[in-house]
Amino acid sequence: MTMIERHTARDRGVSITVTHVLTIGITTILIAGLLTSAGTMLETETERSTEASLETIGERMADEIGNVDQIAATSTDNVTITTDHPRTVANSRYTVELGEDCEAPLLDGSTDCLILTASNTNVVVHVPIETEEDIDYGSSARGGTIEIVYDGSDISIRSWS
2 MTMIERHTAR
12 DRGVSITVTH
22 VLTIGITTIL
32 IAGLLTSAGT
42 MLETETERST
52 EASLETIGER
62 MADEIGNVDQ
72 IAATSTDNVT
82 ITTDHPRTVA
92 NSRYTVELGE
102 DCEAPLLDGS
112 TDCLILTASN
122 TNVVVHVPIE
132 TEEDIDYGSS
142 ARGGTIEIVY
152 DGSDISIRSW
162 S
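Residues in the sequence shown are numbered consecutively from 2, following the numbering used here.
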């Protein structure tokens, strides 16, 4: 026998088949990994977008509630402000609720706040509010057009109908 062995045509065919199977298998695993990580990244970005949008809406509403509070402090009249906010954030409906003594990051448990909750994600945002007038805790509204009302005794929010 010589040092160089001859391969038959059959051996080369097996080698090509094995190479193709391995290439397809490795490619499939890589694509599956990319799709999985892309899906996770998209979900994370959706939650971040939802949180940022709810914070912006909450800060606007806190300012609007402050305006109602200032008007109520200088007048005995009822006050109603109708405000327009997005109906959805990151393709999710949301609700806004007036909360008492909120405990959340950066809140010490003795601060009143707006609690904004997105329905399709696990995102809840707390925005502090400070008023001289009493608050109707638990009053809530859906995203969209919202009325902020002072009725002579307390400030509440409700969905505009």
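We put the beta carbon where it would ideally sit given N, CA and C, even for glycine.
Quick caveat: nothing in here was measured; it's all calculated off a predicted structure.
6 Å Cβ shell around residue i - same chain, five flanking residues per side excluded
i    : result
Q100 : Reading off the sequence, residue 100 comes out as Gly, not Gln. Correct list, in chain order: C114 and I116.
A105 : H127
Residue i burial status per 10 Å Cβ neighbour count (16 or more: buried)
i    : result
T51  : buried
Y151 : buried
M42  : exposed
G168 : Any answer about residue 168 is impossible in this case: the structure gives the chain only from 2 up to 162.
A73  : buried
Residue i - containing beta strand (DSSP E), residue span
i    : result
I149 : T146 to Y151
L1   : Because the chain is modelled from 2 through 162, residue 1 falls outside the range shown and cannot be assessed.
Supposed close pair residue i, residue j - CB separation, criterion 8 Å
i    : j   : result
I136 : V97 : With 8 Å as the limit, I136 and V97 do not qualify as a contact, their Cβ atoms being about 13 Å apart.
I149 : T84 : 7 Å
I82  : E65 : 6 Å
In DSSP terms, what residue i is bridged to
i    : result
D135 : D155
S160 : I147
E98  : I116 and S141
A105 : L108
Cβ shell of residue i (< 7 Å), same chain only, five flanking positions each side left out
i    : result
T118 : Y95, T96 and V125
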